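Q:
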Amino acid sequence: MEEIVSEIKKDYIASLLDQGKRQDGRGFDDYREIIVEKGISNKAEGSALVRIGDTQVMVGVKLAVGEPFPDMPDSGVLTTNAELIPLASPTFEKGPPDENTIELARVVDRGIRESGCIDLEKLCIAEGEKVWIVFVDIHVLDYDGNLFDASSLGSIAALLDTRLPKIEDGRILYGEKTRKKLPVVDKPVETTYAKIGNNIILDPSLDEELVMDARLTVATTEKGEICAMQKGGAGTYTREEILDIVSRSIDKGKELRKYL
Amino acid sequence: MKDNLSRRMVIPGEVVAEGDVNLGSGVYREGDKVCASIMGLLEKRKSFVKVIPLTGRYIPKVGDFVIGKVTDVNLTHWYVDINSAYNAILNPRDYFRDIDAFQTSLLKILAPGDMIFAVVREITPTKKVYIAMTNRGARLLRGGRLLTINPAKVPRVIGRKSSMISMIKKEVKCSILVGQNGRIWIKGKPELVEIAVKAIKRIEREAHLSGLTDSIKSMIIEEREKL
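Keeping their order, the protein sequence lines are chains A and B. The opening position of the first sequence corresponds to residue 38 in the numbering used here, with each subsequent residue numbered one higher. The opening position of the second sequence corresponds to residue 1197 in the numbering used here, with each subsequent residue numbered one higher.
#1: Give the residues of chain A in contact with B:G1340, contact being defined as C-beta atoms less than 8 Å apart.
#2: Between which two residues does the alpha helix (DSSP H) holding A:A187 run?
#3: Check A:M109 in the structure and name its three-state DSSP category.
#4: Between the segment 1393-1410 of chain B and the segment 1342-1362 of chain B, do three or more beta carbon pairs fall short of 8 Å?
#5: If you measure from the beta carbon of B:L1337 to each beta carbon in chain A, is any gap under 9 Å?
#6: By DSSP's criteria, A:E136 is part of a beta bridge. Which residues make up the other side?
#7: Are at least three pairs of beta-carbons, each pair with one atom in the segment 1258-1276 of chain B and one in the segment 1301-1315 of chain B, less than 8 Å apart?
#8: At a Cβ cut of 9 Å, what residues of the segment 1295-1311 of chain B count as close to chain A, listed as they run along the chain?
#9: Considering only residues of the segment 1292-1371 of chain B, which uninterrupted alpha helix (DSSP H) runs meet the minimum length of 4 residues and lie entirely inside it, listed in chain order?
#10: Contact between the segment 87-95 of chain A and the segment 127-145 of chain A is defined here as three or more beta-carbon pairs at a separation below 8 Å; is this criterion met?
#11: Determine whether the Cβ of A:E277 lies closer than 9 Å to any Cβ atom of chain B.
#12: What number of angstroms, rounded off, separates the C-alpha of A:Y16 from the C-alpha of B:I1382?
#13: Under 9 Å, do B:N1346 and B:G1378 count as touching if we go by C-beta distance?
#14: Taking Cβ-Cβ distances shorter than 8 Å, what residues in chain B pair up with A:I233?
#15: Under the three-state reduction of DSSP, which class applies to B:K1198: helix, strand or coil?
#16: Put B:T1409 into one of helix, strand or coil per three-state DSSP.
#17: I need the boundaries of the alpha helix (DSSP H) containing B:P1386, first residue and last residue.
#18: Kindly give me the distance between the Cβ atoms of B:G1353 and B:A1392, rounded to whole angstroms, as I take these residues to be in contact under 8 Å.
#19: Which same chain residues, not among the five before or five after A:I162, have their C-beta less than 8 Å away from its C-beta?
#20: Which same chain residues, not among the five before or five after B:C1370, have their C-beta less than 7 Å away from its C-beta?
#21: Looking at the structure shown, is A:P225 part of a helix, part of a strand, or coil, going by DSSP?
#22: Taking its Cβ as the centre, do 16 or more other Cβ atoms sit within 10 Å of A:F185, making it buried, or is it exposed?
#23: Suppose contacts are defined by Cβ-Cβ distances below 9 Å. Is B:I1285 in contact with B:I1364 by that definition?
#24: Mark A:E82 as exposed unless 16 or more other C-beta atoms lie within 10 angstroms of its C-beta, in which case mark it buried.
#25: Can you name the residues of chain A whose CB is closer than 8 Å to the CB of B:K1265?
#26: How would you list, in chain order, the residues of chain B whose beta-carbon sits under 8 Å from the beta-carbon of A:Y49?
#27: Give me the Cα-Cα distance between A:K58 and A:D66, rounded to the nearest whole angstrom.
#28: Name the residue from B:K1349, B:L1373 and B:I1380 whose alpha carbon lies nearest to the alpha carbon of B:H1404.
#29: Here's the rule: buried if 16 or more other CB atoms are within 10 angstroms of the residue's CB, otherwise exposed. What is B:I1207?
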């Protein structure tokens, strides 16, 4: 189901932006208040709760032992899954995941995978037979825009929080965590810029997301490299705008990493 | 307001009156007793009793003016969101102009995303709500600013005999339409609209205080002088 935005609201948000203002009084390059809580769940090997304004996302990391992919017998497996439950927004419906859910999971997955932030080769137990499988589960609790940034920030926080469970006689004892951490070597974060008219704004709120023409999500690593990108919406960006967004993303990434 | 003192908070199921009284909204009769059905402030006069809700979604009532958002168009009617649990339906024959639904596409008259000022015409026992644009001032709203407040506070924004809203209109020289469903539309000079928005938000916040009209008036004048 899609929310229908009134023309009046669209015009109001666009005219405010033309005056250099935003509905909630933020600057164009400001995030809403960010709160990151780690280790909120005992049942998960790693977990985090992220709030960006009224958006709330819970991320859990579960570990299991399984077979590796035949073409990569010596590396662990990473699986990312997202869930947009009806509790989070009146426009989310139950049932099989829709395109937004799949896009969210894939964009977060790409940020983690392509940055190489998890050293998957260290997750190999026996080559070609047994490896650790890392499940990253994203649960959206409250939707007020910008799920990408909240989810990727939550995922990396949960991965940093993860402790490997004990293994005894080939069985995993889930209740008992060891002190061994997951081999996380980088901290990729994603920043999303929305375009409304000719204005480009960071961290769109729900209202802004509903009226935006296009959005661009950029994932950057600690070194300031781009590791993933995703563009959405029907609008277009010029070359200069993209280069500008990328350089702003690298700066904002440093700011976001402080919350981890 | 003198009767402010006689108002007290009641909870659902509380006995609020006994015997032969006329019932307003928010109360029901149980044998000889009258009980509150919602949480809110009790208003009791000689032979009349009702409970003013503290909060809640808008419940449509025939004759209410509402500001609706067109969400879907059909071959024969429009679906309108009226900020309620129930969706409303607008038939072309209830539009203020004659429409030949066979000849013209309804989409050309009202499209999804359009805001309209209308009146609740009929509510069926199955809670299908029909609205009409036959009321005075019924129209498609263009431009301006839209505000949503708690529908329970709308009577306070309008004031007794619309004293509050006509005072705001006069002071900020804006055209303001108030829907019983909590939506308010304001159009005028941008800086004056800002003042009106501020005033209405303050009324919503301080709805329980008495002497509000005067303090809002002085606030508007103060704000206007700052410009």
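Glycine included, every Cβ here is placed at the ideal spot set by N, Cα and C. Just so you know, these numbers come straight off a predicted model, no measurement behind them.
A: For this structure:
#1: Within 8 Å Cβ-Cβ: I45.
#2: For A:A187, the enclosing alpha helix (DSSP H) covers residues L184 to D198.
#3: DSSP places A:M109 in coil when its eight states are reduced to three.
#4: Yes: the two stretches touch, three or more of their Cβ pairs being nearer than 8 Å.
#5: Interface residue, yes.
#6: A:E136 pairs with nothing; no bridge assigned.
#7: At 8 Å Cβ cutoff, the stretches touch.
#8: Within the segment 1295-1311 of chain B, contact with chain A at the beta-carbon level (separation under 9 Å) is assigned to A1307, P1308, G1309, D1310 and M1311.
#9: With a minimum length of 4 residues, the continuous alpha helix (DSSP H) runs that stay inside the segment 1292-1371 of chain B are 1350-1354 and 1359-1368.
#10: The segment 87-95 of chain A and the segment 127-145 of chain A do not touch, with fewer than 3 CB-CB distances between them shorter than 8 Å.
#11: No, its Cβ sits nowhere closer than 9 Å to a Cβ of chain B.
#12: Past the boundaries of the shown model lies residue 16 of chain A; chain A is included only from 38 to 297, so the question cannot be answered.
#13: One thing to note: B:N1346 has its Cβ within 9 Å of the Cβ of B:G1378.
#14: The premise fails here: A:I233 is roughly 16 Å from chain B at the closest Cβ pair, so nothing lies under 8 Å.
#15: The pLDDT assigned to B:K1198 is 44, lower than 50, so where the model puts this residue is not dependable, and the model offers no usable value.
#16: Three-state DSSP puts B:T1409 in a helix.
#17: Residue range P1386 to R1401 is occupied by the alpha helix (DSSP H) that includes B:P1386.
#18: A small correction: the amino acid at residue 1353 of chain B is Val; Gly does not occupy that position in the sequence shown. The beta carbons of B:V1353 and B:A1392 sit about 11 Å from each other, so the pair does not count as a contact at 8 Å.
#19: Setting aside the 5 residues that flank it on each side, A:I162 is surrounded in the same chain by V102, V168 and W169, each with a C-beta closer than 8 Å to its C-beta; the list follows chain order.
#20: Here the set comprises I1382, K1383, G1384, L1388, V1389 and A1392.
#21: In this structure, A:P225 counts as coil in the three-state DSSP scheme.
#22: With 16 or more other Cβ atoms inside 10 Å of its own Cβ, A:F185 counts as buried.
#23: 9 Å or more divides the Cβ of B:I1285 from the Cβ of B:I1364.
#24: Around the CB of A:E82, 16 or more other CB atoms lie within 10 Å, so the residue is classed as buried.
#25: Chain A residues near B:K1265: I41 and S43.
#26: What A:Y49 touches in chain B: R1341 and L1342.
#27: C-alpha separation (whole angstroms): 11 Å.
#28: The residue with the shortest Cα to Cα distance from B:H1404 is B:K1349.
#29: Using a 10 angstroms sphere on the CB of B:I1207, the tally of other CB atoms stays under 16, which defines it as exposed.
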